[in-house]
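Novice:
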Amino acid sequence: MRIPYVFLGAFLAIVQSAYAEVAPPPVLKPLTRQAQAAQLSAQFLTRYSYRPIPLDDTLSAKVMDRFIKSLDPDHMLFLQADVDRFMSDRSEIDNAIERKDLKIPFAIFNAYEQRVVDRMNYARNLLKQDFDFRAQENYSVLRDREPWPQSEAESNELWRKRVKSDWLRLKLGGKTDAAIRETLDKRYENRLERAYKFKSDDVFQSFMDAYSTSIDPHTDYFGAAASADFNVSMKLSLFGIGAVLQERDDYTTIRELVPGGPAQLSGSLSVGDRITGVGQGKDGAIKEVVGTRLDEVVQMIRGKKGSVVRLDILPADAGADGTHRIISLVRDKISLDKQAARKAVLSVKAGDAARKIGIITLPVFYEDFEAKRKGDKDYKSASRDVAKLLDELKQEKVDSVLIDLRNNGGGSLDEAIDLTGLFIGNDPVVQQRSSNGKIEVKSAKFAAPVWTGPMGVLINRGSASASEIFAAAIQDYGRGVIVGEPSFGKGTVQTVIDLDQIVRNSKPEFGELKVTIAQFFRVNGGTTQLRGVKPDISLPGLSDPTSFGETSYDNALPWAQIKPANYAPGDTVKTLLPTLQSRHDARVKGDPDFHRLLQDFADLKAQREKGVVSLNETERRIEATARKNRFKARAQSSDGEDPGGDDGLEADERSLSAAIAIENARKKAKDVLLDEAAAILADETDLQEQVVEGATKQWGNANGK
Numbered sequence: 001m002r003i004p005y006v007f008l009g010a011f012l013a014i015v016q017s018a019y020a021e022v023a024p025p026p027v028l029k030p031l032t033r034q035a036q037a038a039q040l041s042a043q044f045l046t047r048y049s050y051r052p053i054p055l056d057d058t059l060s061a062k063v064m065d066r067f068i069k070s071l072d073p074d075h076m077l078f079l080q081a082d083v084d085r086f087m088s089d090r091s092e093i094d095n096a097i098e099r100k101d102l103k104i105p106f107a108i109f110n111a112y113e114q115r116v117v118d119r120m121n122y123a124r125n126l127l128k129q130d131f132d133f134r135a136q137e138n139y140s141v142l143r144d145r146e147p148w149p150q151s152e153a154e155s156n157e158l159w160r161k162r163v164k165s166d167w168l169r170l171k172l173g174g175k176t177d178a179a180i181r182e183t184l185d186k187r188y189e190n191r192l193e194r195a196y197k198f199k200s201d202d203v204f205q206s207f208m209d210a211y212s213t214s215i216d217p218h219t220d221y222f223g224a225a226a227s228a229d230f231n232v233s234m235k236l237s238l239f240g241i242g243a244v245l246q247e248r249d250d251y252t253t254i255r256e257l258v259p260g261g262p263a264q265l266s267g268s269l270s271v272g273d274r275i276t277g278v279g280q281g282k283d284g285a286i287k288e289v290v291g292t293r294l295d296e297v298v299q300m301i302r303g304k305k306g307s308v309v310r311l312d313i314l315p316a317d318a319g320a321d322g323t324h325r326i327i328s329l330v331r332d333k334i335s336l337d338k339q340a341a342r343k344a345v346l347s348v349k350a351g352d353a354a355r356k357i358g359i360i361t362l363p364v365f366y367e368d369f370e371a372k373r374k375g376d377k378d379y380k381s382a383s384r385d386v387a388k389l390l391d392e393l394k395q396e397k398v399d400s401v402l403i404d405l406r407n408n409g410g411g412s413l414d415e416a417i418d419l420t421g422l423f424i425g426n427d428p429v430v431q432q433r434s435s436n437g438k439i440e441v442k443s444a445k446f447a448a449p450v451w452t453g454p455m456g457v458l459i460n461r462g463s464a465s466a467s468e469i470f471a472a473a474i475q476d477y478g479r480g481v482i483v484g485e486p487s488f489g490k491g492t493v494q495t496v497i498d499l500d501q502i503v504r505n506s507k508p509e510f511g512e513l514k515v516t517i518a519q520f521f522r523v524n525g526g527t528t529q530l531r532g533v534k535p536d537i538s539l540p541g542l543s544d545p546t547s548f549g550e551t552s553y554d555n556a557l558p559w560a561q562i563k564p565a566n567y568a569p570g571d572t573v574k575t576l577l578p579t580l581q582s583r584h585d586a587r588v589k590g591d592p593d594f595h596r597l598l599q600d601f602a603d604l605k606a607q608r609e610k611g612v613v614s615l616n617e618t619e620r621r622i623e624a625t626a627r628k629n630r631f632k633a634r635a636q637s638s639d640g641e642d643p644g645g646d647d648g649l650e651a652d653e654r655s656l657s658a659a660i661a662i663e664n665a666r667k668k669a670k671d672v673l674l675d676e677a678a679a680i681l682a683d684e685t686d687l688q689e690q691v692v693e694g695a696t697k698q699w700g701n702a703n704g705k
């Protein structure tokens, strides 16, 4: 629909609330480069996507819907009247992008900022009163499908219950009224302050996210910051000082020091120290960063290898007026080892024997594309690291290997293929169909497998893309047993396009597009798209397929099938599955830890489906007491630990030491699902040895041995 576009400014026509106590947030405006990037992105997305979708009125409406929902997913900020005004231009996004005019999304975002300020001020005012926790009231914690408030009075009532719910959680956690008022006032003030820190690039990133994911769920736009983070996640390295930072009360605070990094080796920094200023080089002026956004401080601290950064430090144990110190650090390459492949060995009893199960945990399929392209023989990659770990596990004489891919959302397609090759050699791994229908069979390049013994794969709903390629190939070849939940269901391939390279920009301005260009298929001809990988032996999970996974997307590609590749599946694992299943069933039937896990999942699922919490103190205390008694009984009957009740605090409201202690406790908690997966692999090893012994005995009898 081509009609003259008149910007009426209606989006900003939001009446100032009587509760407003601070100046309105700054009005953000689109930049010329952003409008150019949006138009250039549209040209690519309408021509080169796997499933090209024209930028027309229909897509425009979808983009508008997604953009509004991304800003207010719980329908807690906007009024219905706001949304109605926004929607009056829902068919104009396409024309606006073509004209390089981004006033519409920026006006919506400015309205959003004002609503945040208005609601946070109202919430802070509510703290001046007392709440009646004897009343029978409920608060809806799942509002994504609820209507937006029809009036300011309805919004006020919604926020009254929201603040009352926050208050009650802290009250049940043992906080006094004075402490609760202080905690919540600071919480709402922090959210208020964030509204004043938004920048034009934040608006554009949010809008382009809405546009790109309207094409398909896995098409993305990366602005400069998002692009840098994506590259770091794939390389597992960056140039910096080696410190994990966190924003706490307007201070950039050191949460962790990376072993071997410049910060740790200097001996001048400690966990809890606060960075109040950053200077570049040996003599550069130090810029104060108190109150500055964390991502901006991080960008100031990162830099070229060998360069100097100076930090103004307020020690952890010093008050706000304490003595500062200036330290100088030389930036170096920092390896993000927490995301790298790692191993462990578990001893598991199977039958009369104790089996050593090697566990390799792989959080992401990483690959340093740039180093590989430059010919660096030691470039970082998931498959290379796993190959080294397999060699180490051989030296430790493990009986079987379990690859733990839980919550591994994917990464490099080449790495998924190479990882599969470590277990199957040079056979076909995956088939890839491009938008023109051409099908390419991709195989690993290993002359022989690195590991030939029993193996398995542990997956859950968070295992996606490259994880599914690997698990599907292992399953199709009958190479190992797949254990866990059905996987995510992402069966598409993306490539990253540097928009600045396309137009030959000398400096980065336009960002990058991650565009879906193909769909992958298993060697058996099916696809993991939508359906995911179904495990051979199922373990319980908490995921809700309606809200997490490919089936939760309204524009996901359908399941499809093509001809199988030329491959030779084995049947060893298939023949063992009935016995593996029966052993698993018998084992978990008598495992109290497994039953407790089932109970936890059932409780959380029931709470999620309920969607509301009571605001009656007596009812909530009864619920809390029942939960406490259950965990107390658990601690007495096993070596498990009571994780403690809900203290009502958010992560950055706890002391740093308390937050780290909770994180460490979670790491040390018994991994019931991993233990059971290892037990299944021990059974697999035991049964495979019985098969070999039976075959050997049969051969010996046939030959008179």
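For the sequence shown, full-length UniProt numbering gives the first residue as 1, with consecutive numbering after it. Every residue, glycine too, gets a C-beta built ideally from N, C-alpha and C.
1) By how many angstroms is the C-alpha of residue 466 removed from the C-alpha of residue 417?
2) Helix, strand or coil: how does DSSP classify residue 523 here?
3) Cα separation between residue 574 and residue 98?
4) Kindly give me the distance between the Cβ atoms of residue 280 and residue 309, rounded to whole angstroms, as I take these residues to be in contact under 8 Å.
5) In terms of alpha-carbon separation, which member of 667, 655, 687 and 672 lies closest to residue 272?
6) With the cut-off set at 9 Å, would you say residue 383 and residue 419 are in Cβ contact?
7) Could you tell me whether the Cβ of residue 448 comes closer than 9 Å to any Cβ of chain C?
8) Do residue 434 and residue 518 have their CB atoms nearer than 9 Å?
9) Taking 8 Å as the cut-off, does the segment 585 to 602 touch the segment 518 to 532 (at least 3 CB pairs, one atom from each stretch)?
10) Helix, strand or coil for residue 267? Go by DSSP, reduced to three states.
11) DSSP on residue 314, reduced to helix/strand/coil?
12) Pick from 34, 49 and 42: whose alpha carbon is nearest that of residue 492?
13) Short check: CB of residue 86 to CB of residue 64, under 9 Å?
14) To the nearest angstrom, report how far apart residue 115 and residue 293 are at their CA atoms.
15) So if DSSP puts residue 359 in a beta bridge, which residue, or which two residues, is it bridged to?
16) For the beta strand (DSSP E) containing residue 138, name the first residue and the last one.
17) Identify every residue that forms a DSSP beta bridge with residue 367.
18) Excluding sequence positions up to five away, which residues of its chain have a Cβ less than 7 Å from the Cβ of residue 614?
19) Name the residue from 51, 381, 102 and 546 whose alpha carbon lies nearest to the alpha carbon of residue 214.
20) Would you list, in sequence order, the uninterrupted alpha helix (DSSP H) runs of no fewer than 4 residues that lie entirely inside the segment 392 to 479?
21) Could you give the distance in angstroms between the alpha-carbon of residue 130 and the alpha-carbon of residue 154?
22) Measuring only the C-alpha atoms, how far is residue 53 from residue 232?
23) Decide if residue 475 is buried, meaning its Cβ has at least 16 other Cβ atoms within 10 Å, or exposed.
24) How many whole angstroms separate the CB atoms of residue 106 and residue 71, which I take to be in contact at a CB cut-off of 8 Å?
25) Which parts of the segment 22 to 70 are runs of the beta strand (DSSP E), unbroken and 3 residues or longer, counting only runs that do not cross its ends?
26) What are the boundary residues of the alpha helix (DSSP H) that includes residue 186?
27) Taking the straight line between their C-alpha atoms, what separation do you get for residue 252 and residue 124?
28) Buried or exposed: which applies to residue 381, given that a residue is buried once 16 or more other Cβ atoms fall within 10 Å of its Cβ?
29) Compute every distance between the C-beta of residue 187 and the non-hydrogen atoms of the ligand NAP, then say whether any falls below 8 Å.
30) What do you get for residue 490, buried or exposed, if any count of 16 or more other CB atoms within 10 angstroms of its CB means buried?
31) Work out the CA separation of residue 566 and residue 391 for me, nearest whole Å.
32) Just the C-alpha distance for residue 412 and residue 402, rounded to the nearest angstrom, thanks.
33) With residue 572 as the anchor, note down where its alpha helix (DSSP H) starts and where it stops.
34) Hey, could you find the ends of the alpha helix (DSSP H) residue 170 is sitting in?
35) Smallest Cα separation from residue 354: which of 26, 24, 691 and 680?
36) Taking the CB atoms as reference points, tell me whether residue 513 and residue 221 lie closer together than 9 Å.
Specialist: From the atom records:
1) 8 Å
2) coil
3) 56 Å
4) With a Cβ gap of about 6 Å, residue 280 and residue 309 count as contacting.
5) 655
6) In this structure, residue 419 lies closer than 9 Å to residue 383 by Cβ.
7) In summary, chain C is missing from the structure at hand, where a single protein chain is found.
8) At a Cβ-Cβ threshold of 9 Å, residue 434 and residue 518 count as neighbours.
9) Contact between the segment 518 to 532 and the segment 585 to 602 is absent, because fewer than three Cβ pairs lie under 8 Å.
10) coil
11) strand
12) 49
13) yes
14) 21 Å
15) Assignment of beta-bridge partners to residue 359 by DSSP yields 344 and 402.
16) 138 to 140
17) 381
18) 138 and 620
19) Nearest of 51, 381, 102 and 546 to residue 214, Cα basis: 51.
20) 413 to 424 and 466 to 476
21) In this structure, the alpha-carbon of residue 130 lies about 20 Å from that of residue 154.
22) 31 Å
23) buried
24) The C-beta separation of residue 106 from residue 71 comes to about 12 Å, leaving the pair out of contact by the 8 Å criterion.
25) Runs found: none.
26) 177 to 195
27) Here the alpha carbon of residue 252 sits roughly 25 Å from the alpha carbon of residue 124.
28) buried
29) Judged by which ligands are present, the structure shown has none, so any question about the ligand NAP falls away.
30) buried
31) As the crow flies, the alpha-carbon of residue 391 is around 30 Å from that of residue 566.
32) Cα to Cα, the separation comes out at about 21 Å.
33) 572 to 589
34) 152 to 172
35) 680
36) A distance below 9 Å separates the beta carbons of residue 513 and residue 221.
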